[in-house]
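Sequential numbering of the sequence shown, starting at 788, is according to this note's numbering.
Where a beta carbon is used, it is the ideal one built from N, C-alpha and C, also for glycine.
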Amino acid sequence: MTDGTDQYEMSPVHLAVEQDDLGELTRLLHVGHDPDQYDSHSGWTPLLRAIDGGTAPRSPHG
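In structure tokens form, the structure reads like this:
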């Protein structure tokens, strides 16, 4: 399934995690969106963002 990523390859799952929207996150996962997709901006997956409280550093080295 294509996740419809933005220019940083952040998927709807990334955005739901950042917005702390558990209902939307649950819906996206149920319809098959990939929770393990890395974004090109930080190199983080949605799970890493959730562990960090919904935010990620600006670079994988930061």
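Extent of the continuous alpha helix (DSSP H) run through His817: Annotation: the continuous alpha helix (DSSP H) that includes His817 extends over Leu809 to His817.
Using the Cα positions of Ile838 and Val800, report the straight-line distance between them to the nearest angstrom. Taking the Cα positions, Ile838 is about 14 Å away from Val800.
Which stretch, first to last residue, makes up the alpha helix (DSSP H) that contains Glu805? Counting along the chain, Glu805 sits inside the alpha helix (DSSP H) bounded by residues Pro799 to Glu805.
Decide if His820 is buried, meaning its Cβ has at least 16 other Cβ atoms within 10 Å, or exposed. With 16 or more Cβ atoms within 10 Å of its Cβ, His820 is classed as buried.
Contact check, Asp823 vs Thr813, beta carbons under 7 Å: 7 Å or more divides the Cβ of Asp823 from the Cβ of Thr813.
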